[in-house]
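Here is the structure we will look at, set down as structure tokens.
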Amino acid sequence: MTSIFYKDEVLLREFNTNWKAQLTGKMSLWVDKYRPKSLDALTHTPRLTHLLKSLSVEPRDLPHLLFYGPNGAGKKTRCMALLQSIFGSGVYKLKIDVRQFTTPSNRKLELNVVSSPYHLEITPSDMGNNDRIVIQELLKEVAQMEQVDFQTASGAETGGLAHRYKCVIINEADSLTRDAQAALRRTMEKYSRNIRFIMLCESMSSMIAPIKSRCLLVRTPAPTTQETADALVKVGGQEKVTVEDEAILNTIAESCDGNLRKALLTFESMALNNEMCLKSSTALIRADWVVVILKMANRILKDRSVSSLVECRATLYDLLAHCIPAKVIIQELAFALLDAIHNDNHKIAVVQWASVFDERLRLGNKPIYHLEGFIARVMCEVDG
Amino acid sequence: MEGRLEPLIGDSMLFGPMEDQGLSFVNKSGETVHLRRKPARALMDLNWKHDESYGIDINQLLQRCEDSSNAAIQSSGASRSKHSPSQLWTEKWKPHTFFDLVGNEKTNRRVLKWLRQWSPLVFGQELPKKAPSVRDKVGADGANYDFDDPLQRPQKRILLLNGPPGIGKTSVAHVVAKQAGFSVIEINASDERAGPHVKDRIHNALFNHTFDDRPVCLIADEIDGSIETGFVKVLIDIVNSDYRATQRLASGASSAVQRGKRKQRSPGKVLTRPIITICNNVYASALEKLRPHCEIVTFRRPAESALLERLSHVCRKEKLQLDKKRLKELSELSQGDLRSCLNNMQFMASLHAEAPESTDTAKISDQIKDMTVSWYKICNQVFRRNPHEDAKVQFGRLLRDIEINSNSQRIVQGCFSMFPEVKFSDHSLQKPSAAADWLYFNDLMFKSLFEHNGDLLRYNSVVPMAFFHLFSDIANKDDVRGKVNEFDHREDLRNNESIVLSTFRRAPPTLKIFMNKSSLALEVLPLLDYIIVPDFSKIRNNQTKTTVLSNIVAALSSFDLTFSERVDTDLPRVTCIEPPFDKVTLMDEKRVKEVFTKRPAILNVVLAKAQESKVRKRTIEQARADKLDLESVRKKHKTSSSKPVDYFKSQYANVQTKGSEKFKDSGSVEGDSREPVKIWVKYKEGFSDAVRKDVTWNSLWE
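Top line first, the protein sequences correspond to chains A and B.
Residue numbering for the first sequence follows full-length UniProt numbering, beginning at 1 and increasing consecutively.
Residue numbering for the second sequence follows full-length UniProt numbering, beginning at 1 and increasing consecutively.
Below you can see the structure in the form of structure tokens.
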């Protein structure tokens, strides 16, 4: 037998190939490790949990659902927990299928569909402008297929083979085009025997009214600071993180603004970088792009000149190139400015111009013009 | 032509001072004309080597040209002295012979050469001498068709001329075809060119005989329009069927070479007439499939001197008084477009005739047709204010330039990237803010391209004018270059997006469903970046170190991240993570520096640790597996023998005594009391089951 340790490269390759086999799925980031898998394990918003439990008691009557709430509030977690309570843990046995669709213009589309035996999920942003076709074809195919449940065959209600529906989860439902939503509304009614939709979105403003009226709207609020901190305590306890002062947890929770995912990630990164021990003086870890935006906000207020504008422009280009959407930049920048400004009139001006330029961002397609315009405006306003 | 002849005559002057006075002159010493003629010819032969003559007697041709041009001069003295409005100059001064052609002679010759290669087939005349050289060339670059064409045609059956408008592609094609003795059939964009109609036309042209004796050359003009795919398809079909037929010819009957023409009716049709196609843009999508079948000749703008020469020639003939400077200006404005030069000259000539005094140099630019200035020049002009000129005039001129330029989006982009670099007086960034409003206006107008059929696009030319109004200053004199390159920016964005996507793809579905791409890029990856590389040197406690490490390994494994070695510029081998998502997440300069110094070392530790844990796990697993094996073996042998080794040995001995050939069919023949035993030995080499090999019994006992 030859030794595999004589060369670094061999070691690397060997390591990479065995990587997956060696580490079974148990190990992951804390945010995934401690994600509640069932309705009973859900932490915050007990009222919502109660509602979902009552839904799962009578699974045959499950309505179409529309979860809405901010990023990181736990929409998907609740959705999966609900499915788990209805179908059992088989919903977490996921696989990825590649489906092919043909557009009217004869272009071939490939779409990855994540599915379990009980549900499947689609993300409209994967399909771009062709989401109508995918919705029509995929969903009709699923909807027209009668599901036969052999497992609960003893069920007395339907006599023998129980009838069962399939769940379709639509992520980011707010990015569905109008056409796709229109295509959806009839399917929802016509095939409601075979198919149930669970839609997830951050804001309902872009959902058309007919869809909203067909769904049970489930608002998923973000956890409060206290709830976030409690979740952190829980995870910290299981991972044996020494928390010397609870205040630091509150700081993390506040900085994450109700985004539990971000909070847990921040918590883990801080714990690992500080020898599993958090003190009240431990520095808060923020994503690089946030740091960059904070710095830019300070520069805007400190040095209001064309040369500073040029530097800001370079930073903006950099941010955009690093996949940070323009609307996120303007939002973060506006809040960073608000924190740093003390004059009330200036604050009002910043909010006003931020909303003006946010509108311009949405209406136009040249983000750099409007982001820089916002900065120039703010510089003007602060100068008086 | 004159340019070529004059120096020759000049050279011949060494024979006598009087010789340049006329053809039939007799000089002092009584020598006659033929003495002067001969050296001139000899010199011409030097210029026109024999193998370049394409089978045409160039000298004869030169003679003919000279004669005809002399005739033209004489006739023009009478008929062309006054401008004749009935005829466009572009038509009148269209080149009629090969030597009238202006521009790169090499390309012209290439066209002629290609066309002459058809003559063995079309005219039945052998190409003098040069045939082998052509063959060589075919052999060198014609890897696709390794047989010689039995009909000695050029290897690529279609000639594709391309180049900007007005530099004489069509003229060259016509002149050369005429010169080579073909009669031209032209199909251009004005003709119906859809489907079967055009097919009939082309087939009629190519495969039928004409009434006059001259063979046909098909010239398909302007084939790069988007609607030309049908036409191009017909051409491709012809070429393909020709290849089939030719292959049959070459392989089937070599004797059929002579009867090649008659074999046309075989499944493919042999193409026996040259096709010349002309387009502006050789990379147009319609031509994509045709390109590989074509000999592509690219025309460039003629050199300015050649252009000027031709223009002054025309001027002289037309008796138009234009000095060199103005001609030069004209040629610059037209950017080498000879046709538009001629048009403008005719226009000027008519003006000239009406009011001879009015054509002063300053106004020449007003008379010429609208010419585009490059966007970059315009951008710089926007920021300049000429103190000696009325602002209104400057504004008007600039606006006209911008409106003419089709690339207004580019101009606005350029203005945006340049304005911080230029000097302007301002009160606390009021001007950049105002510019932002204009840019928003521009953005909205540009959007109309997708919504209202681009009706609002024309308002875009106002935006650079706003920049002119805001930022133009006397102090701006030098060319400025915007710092940020939009293209680089877009490339970076695309790279980073693909990194995020590939990271997302690697995540197992159980993780994937709980996040989307934007939350991955905004929240998960930046923090994951911190998670995987804590500073180990700080950690004293060994216990904590292990927990931290195991958490890192968990994080890495959950995203299926792997290690690889990047060969970097300054550091020879750096361990890094695959996919390199840190490129997306790292932005802060300070942190970037920090990361680049520390990270590889930390990663090495992590790698070693992960390796170690893996090995440990494996040894434990192996021990367990061994134990299991042993137990199962023990269970088996409880029934037969107490010692497994003894058992195997006795079996082996048994087999040995029976001999090898009996052993082969022992399973079926064995009549012994003991029932036949087959022994299966599973032998594993390495860690995995990947290596399986046949092992002989002997090798186990050695």
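Ideal Cβ placement from N, Cα and C applies to all residues, glycine included.
DSSP state of residue i, grouped into three classes?
{"i": "tyrosine 283 of chain B", "result": "coil"}
{"i": "residue 703 of chain B", "result": "Here chain B covers residues 1 to 702 and nothing more, so residue 703 of chain B does not appear."}
{"i": "arginine 286 of chain A", "result": "coil"}
{"i": "glutamate 389 of chain B", "result": "coil"}
{"i": "glutamate 275 of chain A", "result": "coil"}
{"i": "asparagine 450 of chain B", "result": "Reading off the sequence, residue 450 of chain B comes out as phenylalanine, not asparagine. Note: phenylalanine 450 of chain B maps to helix in three-state DSSP."}
{"i": "glutamate 523 of chain B", "result": "helix"}
{"i": "cysteine 576 of chain B", "result": "strand"}
{"i": "aspartate 588 of chain B", "result": "coil"}
{"i": "lysine 512 of chain B", "result": "helix"}
{"i": "aspartate 473 of chain B", "result": "strand"}
{"i": "lysine 95 of chain A", "result": "strand"}
{"i": "glutamate 186 of chain B", "result": "strand"}
{"i": "histidine 83 of chain B", "result": "At histidine 83 of chain B, the pLDDT of 46 sits below 50, so the modelled position is not reliable; the number obtained from the coordinates is stated separately. Three-state result, histidine 83 of chain B: coil."}
{"i": "alanine 362 of chain B", "result": "Here the model assigns alanine 362 of chain B a pLDDT of 45, short of 50, so the residue's position is not dependable, and the following value carries that caveat. Looking at alanine 362 of chain B - three-state DSSP - the assignment turns out to be helix."}
{"i": "threonine 77 of chain A", "result": "helix"}
Hey, is residue i's beta-carbon within less than 9 Å of any beta-carbon in chain B?
{"i": "isoleucine 96 of chain A", "result": "yes"}
{"i": "tyrosine 317 of chain A", "result": "yes"}
{"i": "asparagine 259 of chain A", "result": "yes"}
{"i": "glycine 88 of chain A", "result": "no"}
{"i": "valine 233 of chain A", "result": "no"}
{"i": "alanine 247 of chain A", "result": "no"}
{"i": "threonine 123 of chain A", "result": "yes"}
{"i": "aspartate 358 of chain A", "result": "no"}
{"i": "glycine 384 of chain A", "result": "yes"}
{"i": "leucine 309 of chain A", "result": "yes"}
{"i": "histidine 50 of chain A", "result": "no"}
{"i": "phenylalanine 67 of chain A", "result": "no"}
Quick one: using the 10 Å Cβ neighbour count with 16 as the cut-off for buried, is residue i buried or exposed?
{"i": "arginine 300 of chain B", "result": "exposed"}
{"i": "glutamate 275 of chain A", "result": "buried"}
{"i": "serine 433 of chain B", "result": "buried"}
{"i": "tryptophan 375 of chain B", "result": "buried"}
{"i": "leucine 630 of chain B", "result": "exposed"}
{"i": "isoleucine 208 of chain A", "result": "exposed"}
{"i": "asparagine 188 of chain B", "result": "exposed"}
{"i": "arginine 377 of chain A", "result": "buried"}
When DSSP builds the beta bridges, which residues end up paired with residue i?
{"i": "leucine 65 of chain A", "result": "A:Ile198 and A:Leu216"}
{"i": "threonine 102 of chain A", "result": "A:Lys108"}
{"i": "tyrosine 123 of chain B", "result": "Reading off the sequence, residue 123 of chain B comes out as phenylalanine, not tyrosine. The partner list for phenylalanine 123 of chain B (beta bridge, DSSP) is empty, contrary to what the question assumes."}
{"i": "glutamate 121 of chain A", "result": "A:Val114 and A:Ile169"}
{"i": "serine 564 of chain B", "result": "B:Cys576"}
{"i": "asparagine 162 of chain B", "result": "B:Cys279 and B:Thr298"}
{"i": "alanine 220 of chain B", "result": "B:Ile187 and B:Thr277"}
Using beta-carbon positions only, say whether residue i and residue j come within less than 9 Å of one another.
{"i": "arginine 157 of chain B", "j": "valine 216 of chain B", "result": "no"}
{"i": "serine 428 of chain B", "j": "cysteine 167 of chain A", "result": "no"}
{"i": "serine 28 of chain A", "j": "alanine 610 of chain B", "result": "no"}
{"i": "isoleucine 195 of chain A", "j": "valine 142 of chain A", "result": "yes"}
{"i": "leucine 307 of chain B", "j": "alanine 349 of chain B", "result": "no"}
{"i": "leucine 439 of chain B", "j": "tyrosine 369 of chain A", "result": "yes"}
{"i": "isoleucine 539 of chain B", "j": "valine 548 of chain B", "result": "yes"}
{"i": "leucine 121 of chain B", "j": "threonine 272 of chain B", "result": "yes"}
{"i": "threonine 177 of chain A", "j": "arginine 107 of chain A", "result": "no"}
{"i": "arginine 219 of chain A", "j": "leucine 48 of chain A", "result": "yes"}
If you measure from the beta carbon of residue i to each beta carbon in chain A, is any gap under 9 Å?
{"i": "threonine 585 of chain B", "result": "yes"}
{"i": "phenylalanine 487 of chain B", "result": "no"}
{"i": "phenylalanine 207 of chain B", "result": "no"}
{"i": "lysine 512 of chain B", "result": "yes"}
{"i": "valine 548 of chain B", "result": "yes"}
{"i": "glutamine 430 of chain B", "result": "yes"}
{"i": "tryptophan 697 of chain B", "result": "no"}
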